[in-house]
Structure formats: C-alpha cells, structure tokens
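Protein sequences appear in the order of chains A and B.
By this note's numbering, the letter at position 99 of the first sequence is numbered 99, and the numbering carries on one by one without gaps.
By this note's numbering, the letter at position 36 of the second sequence is numbered 316, and the numbering carries on one by one without gaps.
First the structure, in the form of structure tokens, and then the observations on it.
2 protein chains.
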Amino acid sequence: MNVKTLTIVGVGLIGGSIGLAARRRGVVKRVLGVSRDLAGVARAKALGIIDDGLLDLTEPVRCSELVIFCTPVDRIASQVLAAAPACAPGTLLTDAGSTKAAIVRAVEGRLPPGVDFVGGHPLAGSEKRGLEHAHPDLFQGRLTILTQTPRTATKAVEEIAAFWTGLGAHVRVMDPEQHDRALALTSHLPHLAAAALSAILPPHLHDLVASGFRDTTRVAAGDPALWTGIFVQNRTAVLEALNQLEERLSQFRAALEKGDSAAFDALLAQAKKVRDTLGN
Amino acid sequence: MNVKTLTIVGVGLIGGSIGLAARRRGVVKRVLGVSRDLAGVARAKALGIIDDGLLDLTEPVRCSELVIFCTPVDRIASQVLAAAPACAPGTLLTDAGSTKAAIVRAVEGRLPPGVDFVGGHPLAGSEKRGLEHAHPDLFQGRLTILTQTPRTATKAVEEIAAFWTGLGAHVRVMDPEQHDRALALTSHLPHLAAAALSAILPPHLHDLVASGFRDTTRVAAGDPALWTGIFVQNRTAVLEALNQLEERLSQFRAALEKGDSAAFDALLAQAKKVRDTLGN
Numbered sequence: 001m002n003v004k005t006l007t008i009v010g011v012g013l014i015g016g017s018i019g020l021a022a023r024r025r026g027v028v029k030r031v032l033g034v035s036r037d038l039a040g041v042a043r044a045k046a047l048g049i050i051d052d053g054l055l056d057l058t059e060p061v062r063c064s065e066l067v068i069f070c071t072p073v074d075r076i077a078s079q080v081l082a083a084a085p086a087c088a089p090g091t092l093l094t095d096a097g098s099t100k101a102a103i104v105r106a107v108e109g110r111l112p113p114g115v116d117f118v119g120g121h122p123l124a125g126s127e128k129r130g131l132e133h134a135h136p137d138l139f140q141g142r143l144t145i146l147t148q149t150p151r152t153a154t155k156a157v158e159e160i161a162a163f164w165t166g167l168g169a170h171v172r173v174m175d176p177e178q179h180d181r182a183l184a185l186t187s188h189l190p191h192l193a194a195a196a197l198s199a200i201l202p203p204h205l206h207d208l209v210a211s212g213f214r215d216t217t218r219v220a221a222g223d224p225a226l227w228t229g230i231f232v233q234n235r236t237a238v239l240e241a242l243n244q245l246e247e248r249l250s251q252f253r254a255a256l257e258k259g260d261s262a263a264f265d266a267l268l269a270q271a272k273k274v275r276d277t278l279g280n
Numbered sequence: 281m282n283v284k285t286l287t288i289v290g291v292g293l294i295g296g297s298i299g300l301a302a303r304r305r306g307v308v309k310r311v312l313g314v315s316r317d318l319a320g321v322a323r324a325k326a327l328g329i330i331d332d333g334l335l336d337l338t339e340p341v342r343c344s345e346l347v348i349f350c351t352p353v354d355r356i357a358s359q360v361l362a363a364a365p366a367c368a369p370g371t372l373l374t375d376a377g378s379t380k381a382a383i384v385r386a387v388e389g390r391l392p393p394g395v396d397f398v399g400g401h402p403l404a405g406s407e408k409r410g411l412e413h414a415h416p417d418l419f420q421g422r423l424t425i426l427t428q429t430p431r432t433a434t435k436a437v438e439e440i441a442a443f444w445t446g447l448g449a450h451v452r453v454m455d456p457e458q459h460d461r462a463l464a465l466t467s468h469l470p471h472l473a474a475a476a477l478s479a480i481l482p483p484h485l486h487d488l489v490a491s492g493f494r495d496t497t498r499v500a501a502g503d504p505a506l507w508t509g510i511f512v513q514n515r516t517a518v519l520e521a522l523n524q525l526e527e528r529l530s531q532f533r534a535a536l537e538k539g540d541s542a543a544f545d546a547l548l549a550q551a552k553k554v555r556d557t558l559g560n
C-alpha cells in the first residue's frame with residue numbers, strides 16, 4: 001500500500017501516537033487530523049502529530065488513502081458510515097476501538113463499492129488520556145489485532161497489517177467475536193475488578209495503600225465514559241467473564257471458610273503459574 | 281534507644297532490606313542474621329546485609345537489644361515465644377508480618393518480665409522474594425504500622441518507632457484488629473482478585489495480555505505458601521472484604537444486564553475518583 005495521506009479521526013492518546021509514529025517513521029507522506037475541538041487540532045499540530053487538522057471528516061477523507069477512527073467505541077460505526085460516501089474507491093477504513101463485533105457488524109455490507117473497512121485494536125494504551133501522552137513508540141513491539149470475517153477483503157486486511165507493521169507493531173488477525181471474548185478476559189474484566197476494589201476502599205484507608213494496591217487498581221483511573229461504552233458493547237462476553245471470576249472467587253472463599261490451607265495454596269499456586277508466564 | 285546489636289530472624293526481601301538499611305544508615309552497630317540454611321547466611325553476609333549469621337536464634341537474641349522477626353506469619357508467634365526466655369531484660373522484640381491480630385494475641389502476656397513485643401508491618405515489599413532483591417531504601421518514605429493494645433508498653437512502641445524512622449519510614453500506630461481489617465481491603469483482597477483473574481486466563485490468551493492485565497495481576501506472582509499463611513490468619517476480615525467486593529461486582533453486573541449506561545458510568549466514576557487520589 002502506498003499511503004500518501006492518512007486521516008486520523010479522534011486525536012487523543014491512540015490517534016496522536018499513530019500520527020507521531022506514522023510521521024516519524026515515514027509510513028505516510030501526510031497526516032490529517034479530525035477533532036471535535038479547534039484547540040485539540042491546534043495542539044496536535046503544535047506537537048507534530050498532524051500536518052493539518054479539521055473539525056469535519058468529509059473533506060479530509062476525500063483525499064486520503066487510509067482513514068483510522070480513534071474515537072470512543074460507541075461513535076466509531078456511525079462515523080465510518082458517515083465518512084464512507086465521501087471516500088474515493090480504494091480507500092481503506094479502519095479503527096482502533098477496544099471492542100470489535102458491534103462495530104464490524106454495524107459497518108459490514110453498508111459501505112460503497114471499493115471502500116473497505118477492517119476492524120483494528122492496538123493492545124497499547126494506558127489509564128492516561130489525551131494527546132499530551134501520545135508517544136511515537138507506543139506500538140513498538142506491541143500487538144495489534146485486526147478482524148476478518150467472510151465479508152472482509154483479504155487484501156484490505158493485508159494492507160492495514162502492513163501499516164501497523166510500519167508503526168512497529170505485530171499483527172494478529174482474528175474473528176471479531178473471538179476478539180471480544182478474549183478482551184473480556186484480558187482487559188474488560190480486570191478493569192471491572194480494579195474498579196470494584198477501588199470503589200470499596202473507604203477514605204480513612206487511602207493512605208494505607210502500598211504498591212500492590214496501586215498496581216492492582218491502576219486501570220480504574222481510566223475514563224468512565226470511554227469504558228462504559230466498551231462494557232456496553234461487549235456486554236455478553238463481559239458477563240460471561242464475570243461469571244468465571246465470581247466462580248473462582250467462590251472457590252477461594254470455600255477453601256478459606258473450611259480452613260483448607262492446602263486447597264487455598266493450590267488455588268494461589270495455579271494463579272502464580274499463569275502470572276509467571278506473562279512477564280513483568 | 282541505643283541498639284548495639286540487632287538480630288534479624290528470616291533474611292529474605294524484608295529482613296535483608298532491614299539489615300542493609302540499618303547498617304548503611306548507622307542505626308545499629310552490628311546486625312546478626314538467623315536463617316534456616318547456611319547458604320542463605322553466607323549470601324546475606326556476602327551481600328553486606330549482616331555482620332554475621334547463625335542457624336539458631338537462641339545465641340544471637342541473648343546479646344541483642346532488638347530482635348525483628350521477618351519470617352512467614354504462621355511461624356512468627358512461636359519463634360517469638362521460643363526466643364523470649366533467652367532474652368535479657370530490656371530486649372525489644374518486633375516483627376514484620378502482614379497480619380497482626382493472631383500474632384499479637386499469641387504472644388501477649390506470655391513473655392518474661394522486661395521483655396516486650398510490639399507487632400510491626402512495613403507496607404513495603406513486592407511480588408519478588410529473597411535477599412537478592414533486598415534494598416537499603418525499601419522503607420524510605422513508606423509507612424510502617426506498629427500495633428498497640430492495652431497490654432503493650434508505650435515506651436516499647438516509641439523505641440520501635442524510632443528504629444523504623446531511622447530506616448526512613450513513617451510510622452503509624454494502630455490496634456492489631458484495626459490493622460487486619462484495613463489490610464484485608466488494601467492488600468489481601470486485591471491479592472485474591474489478582475489471583476482469580478490470573479487463574480481463569482486460558483493459555484491461548486496469554487500472549488494477548490497488555491500492560492493493564494499485567495498491572496492488575498502483578499501481585500499474583502507472590503509466593504503461595506506465604507500468602508496462604510496471611511489469608512488463613514486474617515480469614516474473618518478477608519471474608520468480610522470479599523463480601524464487599526462481590527456486592528460491588530453485583531452492582532456492576534446489574535447495571536450491565538439492564539443496559540443502564542448511566543448507572544454503570546456512575547459506578548466507574550466513583551471508582552476513578554478513589555483511584556485518582558492514590559497516585560501512581
């Protein structure tokens with residue numbers, strides 16, 4: 001793929017990091033940014049994230065070979081559908097949302113001929129928000145998942161994969177539902193647990209927390225609106241994952257209630273075995 | 281307090297760090313270490329953690345003004361009671377265990393006249409173990425909790441507090457049960473949640489985890505036997521804390537099942553508010 005112009009819709013932590021990475025690595029010739037506010041566009045330009053910025057997506061997508069939507073998951077599908085009619089044939093559309101099935105389902109089969117959409121999700125980010133935290137190496141060595149369904153053009157997937165590889169990422173192709181079930185366990189459920197642990201900490205214990213509590217709950221500082229969108233879109237898989245968590249907590253509880261140290265130790269040992277394989 | 285000789289019983293991450301800090305800061309003149317294995321004693325000496333080491337605690341406690349027990353919580357009380365008869369009047373005994381009520385209860389009223397015990401718990405440490413990870417600044421700026429009951433000598437608490445201040449720590453004095461209820465929420469429950477989240481991650485998802493999962497589950501790499509001892513000793517408070525966690529998870533579940541975005545968002549926002557006060 002020879003991308004002269006890339007448009008990034010939503011220039012925050014992820015969109016901003018894509019812009020920085022794409023410009024510094026020479027993956028594209030020009031980066032346009034679409035943001036809801038003029039101040040954001042100006043800051044993105046000042047930070048070297050974009051060559052130019054606009055408030056509306058119709059104009060920039062018209063002259064872009066690649067458009068990537070980095071907006072909250074509950075806005076992506078409607079923005080893709082709004083942008084598509086303005087796109088020239090051959091334009092590739094993709095996104096960076098944390099859920100995939102609802103977005104892909106809403107978009108597939110509703111695009112003009114010659115315009116392709118491939119769902120994407122870079123497994124990078126943090127509890128921080130905003131283009132001030134954007135970093136050109138955010139995707140270096142990290143995994144980006146792309147989605148493929150029977151209706152997704154293989155060539156489009158390959159071209160989006162080449163784009164992410166150019167930003168330093170590894171790429172894995174998955175079915176959107178498979179992605180959502182996986183992320184329910186690897187990301188959404190941990191977020192829920194972290195939020196619940198934070199929420200029940202009474203004020204008089206705030207200065208008794210140490211690094212363990214901080215680590216375990218760090219993601220709970222994430223933006224509530226963004227995460228509510230993710231949870232609502234991935235509701236079924238999250239509820240299934242939550243069942244699994246509660247079942248496992250019940251096993252710990254039963255061992256503790258019975259005073260069965262051996263059973264409790266075995267449960268912790270199995271958890272440690274998994275955690276030890278994941279690195280620091 | 282003028283401590284010429286400090287004996288550390290159990291020279292791992294915590295005991296080793298106490299030795300390094302006490303020697304480098306000149307808080308004591310001489311540090312003796314008691315370890316179950318000769319190789320551990322030799323390594324501790326080679327690393328500059330102790331001046332000398334022994335396998336048995338009777339000899340070193342005889343000539344020490346301060347003895348600190350840094351062994352697993354289920355061994356501390358019996359070791360304190362075994363050491364006490366050998367101690368000279370005026371000897372101070374303390375510990376660094378993560379639970380306090382069971383230990384203090386087992387020790388109080390069973391010491392020879394003139395020998396005092398003060399429960400202690402430095403809120404420092406990590407999922408790592410062993411004296412190779414010991415660090416002289418481990419307690420710098422961290423909190424150490426000391427326990428006081430109606431039977432604890434105030435002067436003993438003050439002297440142990442001065443020792444910890446000398447290692448760079450802040451000190452807070454609490455009732456042992458109050459400590460255990462607090463730690464159930466700030467440390468033991470997060471450990472349980474982290475272990476459950478790790479345990480249910482199937483092998484085919486191991487390479488899909490990102491920094492969020494790693495942070496949330498980091499403590500689950502802790503030593504199972506050590507943590508089983510902590511959970512068993514603090515069983516009542518942990519089970520109460522687990523009730524609170526499960527209740528809060530049920531609130532998230534209910535909001536999600538009803539598709540009540542506003543309620544879900546409010547739950548996440550309250551969690552974020554707490555987490556934001558805790559720093560990184």
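We put the CB at the ideal spot given by N, CA and C, even for glycine.
Assigned secondary structure, residue i (DSSP; H/G/I helix, E/B strand, else coil)
i: B/Thr496; result: helix
i: A/Thr91; result: coil
i: A/Thr71; result: coil
i: A/Asp30; result: A small fix is needed here, since residue 30 of chain A is Arg in this sequence, not Asp. In the structure shown, A/Arg30 sits in a strand (DSSP, three-state: E or B).
i: B/Phe419; result: coil
i: A/Asp223; result: coil
i: B/Gly394; result: coil
i: B/Pro430; result: coil
i: A/Pro122; result: strand
i: A/Arg172; result: strand
Below-8 Å beta-carbon distance, residue i vs any chain C residue
i: A/Val61; result: As a matter of chain content, chain C is missing from the structure shown, whose protein chains are A and B.
Euclidean distance between Cα positions of residue i and residue j
i: B/Ala326; j: B/Val314; result: 15 Å
i: B/His471; j: A/Gly168; result: 34 Å
i: A/Leu242; j: B/Val347; result: 46 Å
i: B/Leu423; j: B/Ala474; result: 23 Å
i: A/Gln178; j: A/Lys272; result: 26 Å
i: A/Val28; j: A/Ala96; result: 18 Å
i: A/Ala221; j: B/Arg342; result: 51 Å
i: B/Arg461; j: B/Val518; result: 8 Å
i: B/Ser491; j: A/Arg218; result: 10 Å
i: A/Thr236; j: A/Arg75; result: 20 Å
i: B/Leu536; j: B/Gln550; result: 16 Å
i: A/Pro150; j: A/Ile103; result: 15 Å
i: A/Val3; j: A/Ile160; result: 11 Å
i: A/Ala39; j: A/Val31; result: 17 Å
i: A/Gly229; j: B/Ala543; result: 12 Å
Beta-carbon neighbours of residue i, restricted to chain A and to distances below 8 Å
i: B/Phe419; result: Neighbours of B/Phe419 on chain A: none; closest Cβ ~11 Å, over 8 Å.
i: B/Asp495; result: Asp215, Thr216, Arg218 and Val219
i: B/Glu526; result: Glu246 and Leu249
i: B/Val518; result: Leu256
i: B/Arg533; result: Leu239 and Leu242
Status (buried if at least 16 other CB within 10 Å, exposed otherwise) for residue i
i: B/Thr557; result: exposed
i: B/Leu411; result: buried
i: B/Ala381; result: buried
i: A/His188; result: buried
i: B/Arg316; result: exposed
i: B/Asn560; result: exposed
i: A/Asn234; result: buried
i: B/Asp336; result: exposed
i: A/Thr58; result: exposed
i: A/Pro112; result: exposed
i: B/Ala301; result: buried
i: A/Arg110; result: exposed
Chain A residues whose Cβ lies nearer than 9 Å to that of residue i
i: B/Gly539; result: Val232 and Arg235
Chain A contact residues for residue i, given Cβ-Cβ distances below 7 Å
i: B/Trp444; result: Correct list: empty, because the minimum Cβ distance to chain A is about 15 Å.
i: B/Ser478; result: Ala271, Val274 and Arg275
i: B/Gln458; result: The contacting residues do not exist; B/Gln458 stays about 10 Å from chain A at best.
Neighbouring residues, chain B, relative to residue i (Cβ below 8 Å)
i: A/His206; result: Val554, Thr557 and Leu558
i: A/Arg129; result: Here the premise fails: no neighbours, minimum Cβ distance about 11 Å.
Residues that residue i contacts on chain B, provided the C-beta gap is smaller than 7 Å
i: A/Asp265; result: Pro504, Ala505 and Thr508
i: A/Gly97; result: None at all; the shortest Cβ gap to chain B is about 15 Å.
i: A/Val104; result: Simply none; closest approach about 18 Å.
i: A/Thr144; result: Result: empty, since nearest Cβ-Cβ is about 11 Å, beyond 7 Å.
i: A/Val209; result: Thr466 and Leu558
Contact list for residue i against chain B, beta-carbon separation under 9 Å
i: A/His191; result: Gly492, Thr496 and Leu548
i: A/Ala77; result: Those within 9 Å of A/Ala77 in chain B number zero; the least Cβ separation is about 16 Å.
i: A/Ala169; result: Within 9 Å Cβ-Cβ: nothing; A/Ala169 doesn't reach chain B, min ~12 Å.
i: A/Ala21; result: Within chain B, no residue comes near A/Ala21; the closest Cβ sits about 17 Å away, beyond 9 Å.
Could you pull out every unbroken beta strand (DSSP E) segment of at least 3 residues lying fully inside the stretch 22-66 of chain A, listed in chain order? You should have 30-34 and 52-54.
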